[in-house]
Structures are given as C-alpha cells and as structure tokens.
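**Student:** Below is the structure I would like to discuss, written out as structure tokens.
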Amino acid sequence: MTISMVLCNPSTQPMINVPCNGPKLINAKHKEKVVLVMGATGTGKSRLSIDLGTCFPSEIINSDKIQAYQGLEIATNKVTKEEQRGVPHHLLGIHNPYTEFTANDFCDMASVATESIIGREQLPIIVGGSNSYVEALVERFGSRYEWLILWLDVSMPILHSYVSKRVEDMVEKGMVNELRPFFSPNGDYSKGIRKAIGVPEFDMFFRSEEETTWDDERTKQRLFDEAIREVKLNTCRLACKQFERIQRLRNVKRWKMQRVCASRVFEMHGNDDEAADEAWRKMVAEPSARLVAQFLYNEAINNVSGGISVPGSCSVSCRVVKC
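The sequence shown runs contiguously to residue 421 in the working numbering.
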C-alpha cells in the first residue's frame with residue numbers, strides 16, 4: 099500500500115509516494131510519534147506546519163505563547179482560517195488576553211491536546227516560537243513520545259530584512275488600529291497580550307494621541323516612525339534570542355534536530371514570488387515531508403518528484419548577527 103501526499107494543490111503530482119504497512123500512523127508497539135517545528139520568528143514555521151498538515155493525517159498545536167491569546171491577529175501574525183487550509187489548530191487565540199498564559203498552562207493544555215490528537219489516530223504537529231515553553235513541555239512529557247524536531251533556519255541578515263518588511267505589511271493591514279484598544283495609560287506591559295511586540299512600542303504614540311490635538315503633524319509622524327523602528331528592532335532582537343535558545347537546546351541539551359535551511363527562499367521574496375514559492379516547495383516543504391514520512395513509516399522514500407535539498411546543505415550561511 100502507498101499513501102500519496104500532495105502539497106497545496108490537489109491537481110499537482112504526488113510529492114512523495116510513501117510505502118507503509120497500513121492506514122494508521124501509530125504503531126502500538128512503540129512510543130507515539132510527535133513532530134515539533136522550531137525556528138525564529140518569521141522563518142515560515144506556520145507555513146511549513148500547514149504544508150505538512152495537508153500531507154499527513156495530522157493536527158497542529160500552537161506553541162507561540164502570544165498567539166495563544168485572543169486578539170491582535172495582525173500584530174501576532176496568527177494564521178487565518180483560510181491559511182489553515184482545513185488543518186485543525188489547537189491553542190490558537192484561546193486565552194484571555196488580560197491574564198497570564200504560563201508555561202505550566204501551555205504544558206497542561208498541550209499535553210491534553212496531544213493525547214486527544216493521538217486518540218483520533220492523527221499526528222500531532224507542535225509549532226511556534228516560544229522555545230522556553232516547548233522546552234518545558236519536552237522536559238515534562240518528552241519521554242512519553244518519539245520526537246522528530248525540524249529546525250527551520252534562515253540566516254539572520256536575510257531574516258532581519260524580511261521581518262522588517264513584514265512589519266510594514268502589518269501596518270498596511272491595519273496593525274495600528276488593532277493595537278489601539280490595548281493601550282492604557284496605566285497598562286502593565288509585563289502581563290498578558292500587552293507583552294506582544296507592538297503594544298509597548300506604540301505607547302508614546304497613543305499617549306500623545308490622547309493628550310494633544312495633533313496640530314503638529316511632524317511630532318505625530320516622528321512618534322509613529324519611532325514606534326515602527328522599535329517594533330522592527332525588537333522583532334529582530336526576538337529572532338536573535340530564539341536562535342540562541344535553539345542553539346543551546348541543540349548544542350548544550352543535545353536535542354537531535356533536522357535543520358532545514360530556507361535562506362535562499364527568503365532571498366527571493368519580493369523579487370520573484372512565483373520562483374520563491376517553487377523554491378519553498380523544493381528546498382523546504384519536500385525535504386521536510388520526506389523526513390516526516392521516514393519518521394512515521396520507518397521506510398526509505400525513493401519516489402520524490404522535484405529537487406530535494408538535504409537539511410543543512412544550504413550554501414548560504416545561517417548565522418546570528420548582533421542586533
């Protein structure tokens with residue numbers, strides 16, 4: 099028996115023909131299997147997890163602590179229902195934005211979701227950028243499962259350029275108006291969704307907006323531009339911190355990761371989007387799906403359409419730079 103998996107477009111040729119011994123993903127003689135997708139902010143983790151979710155009978159568990167809160171869909175870059183492409187998502191936009199969503203909360207809810215997904219004979223795919231929460235989950239419950247960890251990596255100079263452009267896109271989509279209801283002169287930016295990048299950075303802009311009549315357009319524009327610069331800078335700083343934590347998990351805690359380098363894909367963004375999408379398929383989606391298929395079915399995958407780049411073989415150096 100073979101299971102044919104197709105990414106995105108059902109009319110395309112099967113990406114991989116996977117030999118297996120039966121329809122179930124889980125072999126009762128072994129530990130249940132879980133896929134974990136890691137990477138810095140902006141590297142395409144959600145996109146990859148949904149690509150995989152359309153290939154395999156699976157459900158996605160969000161591990162981004164800020165995306166777990168209700169609200170700020172644009173500022174936190176939550177995947178929309180349309181972008182989810184029918185793949186069930188858990189722990190996404192479910193928590194009260196004004197109360198803390200702790201690592202313990204995440205571990206408890208993610209564990210319940212994982213067991214529920216496995217009970218439906220589906221593959222749990224955990225994805226998000228809150229690596230401290232993922233680390234806590236693996237330390238508490240990791241021994242129950244067999245893990246495949248995919249590390250989606252993009253070189254920091256390329257990623258910084260991309261996330262800066264993404265901030266500008268968010269502004270065009272209405273991020274500022276989305277942030278405004280969460281402003282409070284006495285707001286605590288250390289709790290709840292107010293920790294999200296964008297809320298504290300726009301504090302001075304919104305504060306001055308309430309206190310003045312905006313007769314001085316230059317002041318208004320200056321405060322706006324400063325807020326945008328801070329959002330971009332803090333997003334880049336977050337990416338650096340996430341990269342460093344992944345390196346610690348890999349090199350100090352000895353987590354076994356499969357590195358998939360997407361730098362060349364991101365270099366194409368904005369120049370030739372069609373070519374970038376094709377590069378994503380060949381350099382990121384197909385190799386990742388092949389790794390998942392091998393992980394699930396313990397068989398060599400020989401029939402693969404299109405080019406395959408081995409994770410870690412990207413010629414563009416993926417390194418962190420000082421923000």
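Heads up, the beta-carbon is just placed ideally off N, CA and C, and yes, glycines get one too.
Here's the rule I'm using: 16 or more other beta-carbon atoms within 10 Å means buried, otherwise exposed. How should Glu384 be labelled?
**Tutor:** Result: buried.
**Student:** Among the residues of its own chain, which have a CB less than 6 Å from the CB of Val261, if the five just before and after it don't count?
**Tutor:** Excluding positions up to five away in sequence, the list reads Gly140, Thr333.
**Student:** So Trp249 is in the beta strand (DSSP E); what residue range does that whole segment cover?
**Tutor:** Note, Trp249: beta strand (DSSP E), 243-251.
**Student:** Would you give the residue range spanned by the alpha helix (DSSP H) that Glu328 belongs to?
**Tutor:** 315-349 is the span of the alpha helix (DSSP H), which, as asked, contains Glu328.
**Student:** Around the Cβ of Ala373, are there at least 16 other Cβ atoms within 10 angstroms (buried) or fewer (exposed)?
**Tutor:** Classification for Ala373: exposed.
**Student:** Report back the beta-carbon spacing between Val363 and Val382 to the nearest angstrom; my notes put them in contact at under 8 Å.
**Tutor:** Going by Cβ atoms, the distance from Val363 to Val382 rounds to 6 Å, so yes, they are a contact pair.
**Student:** Whole angstroms are fine: how far does the CA of Arg320 sit from the CA of Ile216?
**Tutor:** C-alpha separation (whole angstroms): 52 Å.
**Student:** What residue range does the beta strand (DSSP E) around Glu157 cover?
**Tutor:** Here the beta strand (DSSP E) through Glu157 covers 156-160.
**Student:** Using DSSP's beta-bridge definition, name the partner residues of Glu130.
**Tutor:** Bridge partners of Glu130: Tyr243.
**Student:** By DSSP, does Tyr167 sit in helix, in strand, or in coil?
**Tutor:** DSSP places Tyr167 in strand when its eight states are reduced to three.
**Student:** DSSP three-state call for Pro298: helix, strand or coil?
**Tutor:** Coil.
**Student:** Looking at Leu277 and Ala166, is the spacing between their C-beta atoms short of 8 Å?
**Tutor:** Contact: no.
**Student:** Just verifying my parser: in three-state terms, what is the DSSP assignment at Pro192?
**Tutor:** According to the sequence shown, residue 192 is Ile rather than Pro. In this structure, Ile192 counts as coil in the three-state DSSP scheme.
**Student:** For the 8 Å Cβ check, are there 3 or more pairs between the stretch 153-162 and the stretch 178-194?
**Tutor:** The stretch 153-162 vs the stretch 178-194: in contact.
**Student:** What is the C-beta distance between His128 and Glu244, in whole angstroms, given that I count them as a contact (C-beta under 8 Å)?
**Tutor:** His128 to Glu244, Cβ: 7 Å. Contact.
**Student:** Buried or exposed for Ala222, going by 16 or more other Cβ atoms inside 10 Å?
**Tutor:** The amino acid at residue 222 is misidentified as Ala; the sequence shows Pro. Buried, since its Cβ has 16 or more Cβ neighbours within 10 Å.
**Student:** Does DSSP put Gly291 in a helix, in a strand, or in coil?
**Tutor:** This sequence places Ile at residue 291; Gly is not what is there. If DSSP states are grouped into helix, strand and coil, Ile291 belongs with the helices.
**Student:** Where does Gln345 land, buried or exposed, given buried means 16+ other C-beta within 10 angstroms?
**Tutor:** Result: exposed.
**Student:** Tell me the start and end of each unbroken alpha helix (DSSP H) in the stretch 212-237 that is at least 4 residues and wholly inside, in chain order.
**Tutor:** If we require 4 residues or more, the stretch 212-237 turns out to have no alpha helix (DSSP H) run fully inside it.
**Student:** State the Cα-Cα distance for the pair Val232 and Tyr287, rounded to the nearest angstrom.
**Tutor:** Val232 and Tyr287: Cα-Cα distance of roughly 23 Å.
**Student:** Given a threshold of 16 other Cβ atoms within 10 Å of its Cβ, counted over all protein chains shown, does Glu299 qualify as buried or as exposed?
**Tutor:** When all chains shown are included, Glu299 counts as buried.
**Student:** Give the C-beta separation of Ser161 and Phe204 to the nearest angstrom, bearing in mind that I take them to be a contact with Cβ-Cβ under 8 Å.
**Tutor:** Sure, about 7 Å apart at Cβ, within 8 Å.
**Student:** Evaluate Asp370 with the Cβ neighbour count: other Cβ atoms within 10 Å of its Cβ, from every protein chain shown; 16 or more gives buried, anything less gives exposed.
**Tutor:** Burial call: exposed.
**Student:** Rounded to the nearest angstrom, what separates Gln67 and Asn194 at their Cα positions?
**Tutor:** For residue 67 there is no data in the structure shown, the boundaries of the chain being 99 and 421.
**Student:** Excluding the 5 residues preceding and the 5 following Gly285 in the sequence, name in chain order all residues of the same chain whose CB lies nearer than 6 Å to its CB.
**Tutor:** Contacts found: Arg292.
**Student:** Can you round the beta-carbon distance between Lys143 and Phe393 to whole angstroms, since I take them to be within the 8 Å contact cut?
**Tutor:** With 8 Å as the limit, Lys143 and Phe393 do not qualify as a contact, their Cβ atoms being about 18 Å apart.
**Student:** Would you identify the three-state DSSP class for Arg362, choosing helix, strand or coil?
**Tutor:** Here Arg362 sits in helix by DSSP.
**Student:** With distance defined between alpha-carbon atoms, name the residue in Val265, Leu246, Arg183 nearest to Leu331.
**Tutor:** Measuring from the Cα of Leu331, the nearest candidate turns out to be Val265.
**Student:** Please list the terminal residues of the continuous alpha helix (DSSP H) segment that includes Ile393.
**Tutor:** Residue 393 is actually Phe in this sequence, not Ile. Taken as a continuous stretch (DSSP letters only), the alpha helix (DSSP H) holding Phe393 covers 384-395.
**Student:** Which first and last residues belong to the alpha helix (DSSP H) in which Pro255 is found?
**Tutor:** Element bounds for Pro255: 254-271.
**Student:** Looking at the structure shown, is Ala377 part of a helix, part of a strand, or coil, going by DSSP?
**Tutor:** Ala377: helix per DSSP, three-state reduction.
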